[in-house]
Amino acid sequence: MVLFLNDIGTGEVVLILIFILIFFGSKSIPGLARTLGRTIRQIKDASADLQSEIKKSSNELKGDLNLRELIDDTKRDIQKPLDQYAADIEDVMKRKPTHSQPQQRKITPATEGDSTESNNESLESTPIPPVQTPQPEKSPVPPASSSDKSE
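If you read the sequence shown in the working numbering, its first letter stands for residue 3, the second for the next number, and so on.
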């Protein structure tokens, strides 16, 4: 209704009121105004109800979809095992000696009082040097004689 009144000037409003007075008469104008007021109020109420229903439906859809929370949950679900694997790898790297710094263990000679388990433990703790396989020697090939070529 406000938009409608913005386009109408003062002279036009006076002309419309005179037109209503002439056609409807002074006795029916109050009833006509009441009816017009009720109709406008009902239209506004219906419009407000419709807007609230639309907002309620959109909020329900947003609540059902809730994409941001779904994305965050999925991200956490994926990141958790990756973090665990990274922690496991770091733990193994801390425990494993590097090749530049070999871990040295003491070898203690076995005494008569030691049990076989302690002997086995000392044997297990001794580092075993890598076995090198001998390479076969290359035998020189005798040069071909000139007599072999002619035949």
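The beta-carbon is built from N, C-alpha and C at its ideal position, and this holds for glycine as well.
Rounded C-alpha distance that separates residue i from residue j
{"i": "Lys-57", "j": "Lys-46", "result": "16 Å"}
{"i": "Gln-86", "j": "Gln-137", "result": "46 Å"}
{"i": "Thr-1", "j": "Val-15", "result": "Beyond the ends of the chain as shown, which are 3 and 153, falls residue 1; an answer cannot be given."}
{"i": "Leu-67", "j": "Ser-59", "result": "12 Å"}
{"i": "Asn-61", "j": "Glu-55", "result": "10 Å"}
{"i": "Phe-26", "j": "Leu-69", "result": "59 Å"}
{"i": "Asp-74", "j": "Ile-80", "result": "10 Å"}
{"i": "Gln-44", "j": "Lys-64", "result": "30 Å"}
{"i": "Leu-72", "j": "Leu-84", "result": "19 Å"}
{"i": "Glu-92", "j": "Thr-76", "result": "25 Å"}
{"i": "Gln-53", "j": "Asp-90", "result": "56 Å"}
Whole-angstrom C-beta distance between residue j and residue i, which should lie under 8 Å
{"i": "Ile-22", "j": "Ile-31", "result": "7 Å"}
Residues of its chain near residue i, where Cβ-Cβ distance is below 8 Å and the 5 sequence neighbours each way are ignored
{"i": "Ala-48", "result": "none"}
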